[in-house]
Amino acid sequence: MLPLCTGTPGVGKTTLGKELAQRTGLSYVNVGELAQEGQLFDGFDEEYQCPILDEDRVVDELDDKMKEGGVIVDYHGCDFFPERWFHIVFVLRTDNSHLYSRLESRYCSLWPVRHTATLR
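Below, the structure written as structure tokens:
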């Protein structure tokens, strides 16, 4: 089984992904952490105040691991991953009132919180 956990930041992707990994013995990969560790970025977005993910480098970095199987992937998007990688996709959602309070406690700046909360 190769699952992808995706959804808006703050909906519980990491919690679900880690729990699934623990219960199934699969390995867990958080794409944001992978990108940070490998510096898999292609610049910096001044408006959003965050690095720009180099999607091609992420795919290259994960490809061998995904071919081996047994990996749970956690990321807020899914459009750049090859479809062949996943057998199931979990799209997590939550009520905006819960989401806003989670993001507010996570981020210093309220701009990302307000922006993310309006994306749903």
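Taking my numbering, the leading residue of the sequence shown gets 1099, the next gets one more, and so forth.
Backbone N, C-alpha and C define an ideal beta-carbon position, used for all residues, glycine too.
Just to confirm, is the Cβ distance from residue i to residue j under 8 Å?
i       : j       : result
Pro1101 : Phe1178 : no
Val1084 : Val1127 : Past the edges of the chain, shown from 1099 to 1218, lies residue 1084, and the structure says nothing about it.
Starting from the Cα of residue i, find the closest Cα among the options and give me that residue.
i       : options                               : result
Cys1103 : Lys1165, Ile1186, Gln1147 and Leu1197 : Ile1186
Glu1153 : Asn1194, His1174 and Thr1112          : His1174
Glu1181 : Asp1193, Met1164 and Ser1195          : Met1164
Gly1220 : Leu1124, Cys1176 and Glu1145          : Here the chain comprises residues numbered 1099 to 1218, so residue 1220 is not present and cannot be evaluated.
Glu1135 : Leu1151, Gly1123 and Thr1106          : Leu1151
Thr1112 : Gln1137, Phe1139 and Arg1191          : Arg1191
Trp1183 : Gly1167, Gly1115, Ser1125 and Ala1133 : Gly1167
Leu1132 : His1196, Thr1106, Asp1161 and Thr1122 : Asp1161
Considering just the uninterrupted stretch of the alpha helix (DSSP H) at residue i, what are its terminal residues?
i       : result
Leu1201 : Asn1194 to Arg1204
Taking the continuous beta strand (DSSP E) assigned at residue i, which residues delimit it?
i       : result
Leu1102 : Pro1101 to Gly1105
Excluding the 5 residues flanking residue i on each side, which residues of the same chain have their C-beta closer than 6 Å to its C-beta?
i       : result
Pro1149 : Phe1139 and Phe1142
Arg1200 : Gly1108
Cutting at 7 Å between CB atoms, please list the residues of its own chain near residue i, excluding the five before and the five after it.
i       : result
Arg1070 : Outside the modelled stretch of the chain, which goes from 1099 to 1218, sits residue 1070, for which no answer is possible.
Secondary structure, beta strand (DSSP E): runs of 3+ residues fully inside the region 1123–1186: 1125–1128, 1139–1143, 1148–1151 and 1169–1172
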